[in-house]
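Here's the structure we're looking at; comments come further down.
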Amino acid sequence: MWKENRGAGISIVVLDSGVNVEHPDLAAHTFEGISVVEDRDGFRVTEGFADTLGHGTAVTGILKRLVPEADIFAVKVFHEELSTSLERLLYAMEYVLHNIDCHILHLSLGVVQDSEIKRLRSLCESLTAKGVLIVSAFDNDGAVSYPAAFSEVIGVDASQTCKGDHEFEFVEGSLVNLKAKGTSQRLAWVQPTYIFRAGASFAAAYATAAVAKLRQGGLTEREEILAELQQEAVKVFPARTVRETSGKFPVREAVIFPFNKEMHSVARFQDLLGFTLRGVYDTKYSGQVGQPISKVLRQPVPDDHVIQNLDQLNWHDSWDALILGHVELLSDKVGVDYIETLLQLCIEHRKNLYCYDGLGRYEELVQEARARGLSVFYPEVSAEEVPPNRFGKLRKIGKPVLGIFGTSSQQGKFTLQLNLRRRFLRDGYAVGQLGTEPSALLYGFDEVYPMGYNSTVDVMAYQAVTVLNEMMWRIEDGDPDIILVGSQSGTVPYDTGNLRRFTYPAINFLLGTQPDAYILCVNVEDDLGYIRRSVQVLENLGTGKVIGLGVFPLRKQFIPWAGVKMNPGQSSDLLAFKETLHAELGLSAFVMNDEEELESLYQRVLEFYS
306 MWKENRGAGI SIVVLDSGVN VEHPDLAAHT FEGISVVEDR DGFRVTEGFA DTLGHGTAVT
366 GILKRLVPEA DIFAVKVFHE ELSTSLERLL YAMEYVLHNI DCHILHLSLG VVQDSEIKRL
426 RSLCESLTAK GVLIVSAFDN DGAVSYPAAF SEVIGVDASQ TCKGDHEFEF VEGSLVNLKA
486 KGTSQRLAWV QPTYIFRAGA SFAAAYATAA VAKLRQGGLT EREEILAELQ QEAVKVFPAR
546 TVRETSGKFP VREAVIFPFN KEMHSVARFQ DLLGFTLRGV YDTKYSGQVG QPISKVLRQP
606 VPDDHVIQNL DQLNWHDSWD ALILGHVELL SDKVGVDYIE TLLQLCIEHR KNLYCYDGLG
666 RYEELVQEAR ARGLSVFYPE VSAEEVPPNR FGKLRKIGKP VLGIFGTSSQ QGKFTLQLNL
726 RRRFLRDGYA VGQLGTEPSA LLYGFDEVYP MGYNSTVDVM AYQAVTVLNE MMWRIEDGDP
786 DIILVGSQSG TVPYDTGNLR RFTYPAINFL LGTQPDAYIL CVNVEDDLGY IRRSVQVLEN
846 LGTGKVIGLG VFPLRKQFIP WAGVKMNPGQ SSDLLAFKET LHAELGLSAF VMNDEEELES
906 LYQRVLEFYS
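Residue numbers for the sequence shown follow the numbering used here, so the first one is 306 and each next one is one higher.
Rendered as structure tokens:
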């Protein structure tokens, strides 16, 4: 039985703090090793690997107790403290790749974020191709860490229930592969001679010992070793299918309906669309049919379409996609189920459909359309998108993240995101972007988390953070220069008298995206104390800094019989408000419909990150 193997003929390289070869538990064994040191000329290898910290001795002690006949080669990368640079780690792994023949590489260490993680991945791939099995511990603080999370590596986390040397919990469909004995235990050390410690570092040593025993028994591949350990596991965390969503929607030429608030940006930012806008349509009851969109928007637009009656839409024209905005209220008023009607027409005339509203009630029609080779998309986030078996682990994002947050709804946050995107692209930056408007993907955003009006997000709070974190990682994996994220509505509750006042979605969004800089959008009529609280919440609940305020240029007036009415703010009032914000909060404010001020805000962002 493999558990009785003692590691004969197996060589293990341990990257750690070296070994205390005079320790009573290790003195009878022979070790080889090196140190990776740094001087003015860079990194180099020296003789000697004496451990002054104890960590490497603890790991080696576990290995020598379980596989005493294995050959252990120590590579010392920790010196004064249990911390090292990724550059030193990469140098050490490169040295192992080219200079040391081994069966197993053990790393009770890792990194949580760095721009060189792809190089680390490449080294793991090269070592695996050479036939080296890599075992790595996950971060003790609970974050996703590397190389443990790589698919080439056996990633090990600490178990609170495994007590025996050969007890493992097996994890299916996760970044984590195994959980092993990681509770407080007596370990060989330097000073004192023994110590009680817990952590994934030591859990990984038990996994490496098991891998060595199985390797001695003839198993050479990562997958077959994991399969054997799964059969022997004291517990298996079962996998769950995760729905993969694509940030791409195939469209060359599109028409849009209806021309309501959510569609205005499509007309105003046609230069950011990945397709040609062929027509703008609305109902004959809207009062807008026959008007140029520039007249409705009260500003010039790149291609000034005349709004047409939906009943006159030519389904035989060359356009290939219908962009269908929010129509729930319109359907109720007119007495027509626009989603069902237009989805049926798309199927009949072979047109793709991008819908802002959820299509869960129309699943049969959606499946019929897809069966005919048509693309039907609506943004949705459900429990099916939540990565399974993460044990709370989140990825730390290394790219700059700029967050657009606000004090209320209807204050131009999405327009500001598009204006910033336009400027970054103009200057040649690679932009990653996560939007919360259902239309986000139309402008080239990478991910959409539709938490705004008529939201199709259906996950618990902790699941929301996990999903958002995974979206951020997918964006970062595309190697952008900066990531832009934009929230919805307000960030801080106005009062606590009703659950509907609580801003759970915005808080979840903040925690899931973790911006390192914020632009807070404010209204002229906002109470100064409320703005101050919003700034404080962003800076204290998150880890970023508010670097500027975006002033919504319209003053909101609530009329009981008509709802909220927008009136243009007087330039003198806007100037006075900006001066008050700067005097009271020490923050520069920028009016969001002024091109010069938008450019100044953009330059403020560049200045912060440079």
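Yeah, the Cβ is synthetic: ideal placement off N, Cα and C, and Gly gets one too.
Nothing here was measured: the structure is a model prediction, and the numbers come from that model.
Proximity of the segment 411-431 to the segment 323-343 falls short of the contact definition, fewer than three beta-carbon pairs being nearer than 8 Å. Residue 822 holds the alpha-carbon nearest to the alpha-carbon of residue 843 among 340, 579 and 822. Residue ranges of uninterrupted alpha helix (DSSP H) with 4 or more members, entirely inside the segment 468-554 and ordered along the chain, are 505-521 and 527-537.
Rounded to whole angstroms, the separation of the alpha carbons of residue 593 and residue 604 is 15 Å. In the DSSP assignment, residue 850 is bridged to 822. By a beta-carbon distance limit of 8 Å, residue 453 contacts residue 461. Their separation comes to about 7 Å. Between residue 409 and residue 516, the CB-CB gap stays under 9 Å.
In this structure, residue 664 sits away from residue 656, with a CB-CB distance that is not shorter than 9 Å. In chain order, 706, 708, 819, 820, 821, 822, 823 and 843 place their CB closer than 8 Å to the CB of residue 849, counting only its own chain and leaving out the 5 sequence neighbours on each side.
Assignment of residue 660 by DSSP, reduced to helix, strand and coil, places it in the strand class. Taking 9 Å as the cut-off, the beta carbon of residue 367 is found no closer than this to the beta carbon of residue 352. For residue 747 and residue 624, the gap between their C-alpha atoms comes out near 16 Å.
Residue 876 is positioned such that its CB atom lies no closer than 9 Å to that of residue 810. The beta carbon of residue 554 sits closer than 8 Å to the beta carbons of 626, 657, 659, 680, 682, 746 and 747 from its chain, once the five residues preceding and following it are set aside; these are given in chain order. For residue 391, the enclosing alpha helix (DSSP H) begins and ends at 391-404. Taken atom to atom, the span from the alpha-carbon of residue 789 to that of residue 739 is near 6 Å. With contacts defined by Cβ atoms closer than 9 Å, residue 591 and residue 563 form a contacting pair.
Within the same chain, Cβ atoms closer than 8 Å to the Cβ of residue 887 are found at 893 and 894, the five residues on either side in sequence being excluded. Within the segment 308-377, the beta strand (DSSP E) runs of at least 3 residues that lie entirely inside it are, in chain order, 316-321, 337-344 and 347-351. A contact is defined here as three or more CB-CB pairs under 8 Å, and the segment 782-798 meets this definition with respect to the segment 730-738.
The alpha helix (DSSP H) runs lying completely inside the segment 572-607 and spanning 4 residues or more are 598-602, given in chain order. Every alpha helix (DSSP H) stretch that sits fully inside the segment 641-718 and reaches 4 residues is listed by chain position as 643-654 and 668-676.
Around the Cβ of residue 404, a 10 Å sphere holds fewer than 16 other Cβ atoms; the residue is exposed. Shown here for residue 571: same chain residues with a beta carbon closer than 8 Å to its own, the five before and five after excluded, namely 561, 578, 582, 628, 744 and 747 in chain order.
The alpha-carbon of residue 841 is positioned some 14 Å away from that of residue 827. Going by DSSP, residue 561 is part of no alpha helix (DSSP H) but of the beta strand (DSSP E) stretching over 558-562. Each residue's CA atom was taken as its position, placing residue 754 and residue 685 some 7 Å apart.
By the Cβ rule, the segment 437-445 counts as touching the segment 490-506, because three or more pairs are nearer than 8 Å.
If the five residues before and after residue 488 are omitted, its C-beta is found closer than 7 Å to the C-beta atoms of 465 and 503, all from its own chain and listed in chain order.
In this structure, residue 434 keeps its C-beta atom at 9 Å or more from the C-beta atom of residue 320.
Take the alpha-carbon of residue 470 and the one of residue 776: they are about 37 Å apart. Just measuring C-alpha positions, the residue of 390, 611, 724 and 749 sitting nearest residue 556 is 749. Distance from the CA atom of residue 814 to the CA atom of residue 418, rounded to whole angstroms, is 20 Å. According to the DSSP assignment, residue 441 belongs to the beta strand (DSSP E) that extends over 438-442. Here residue 638 is exposed. Its C-beta has fewer than 16 other C-beta atoms within 10 Å.
Contact between the segment 511-529 and the segment 479-486 is present, with at least three C-beta pairs closer than 8 Å.
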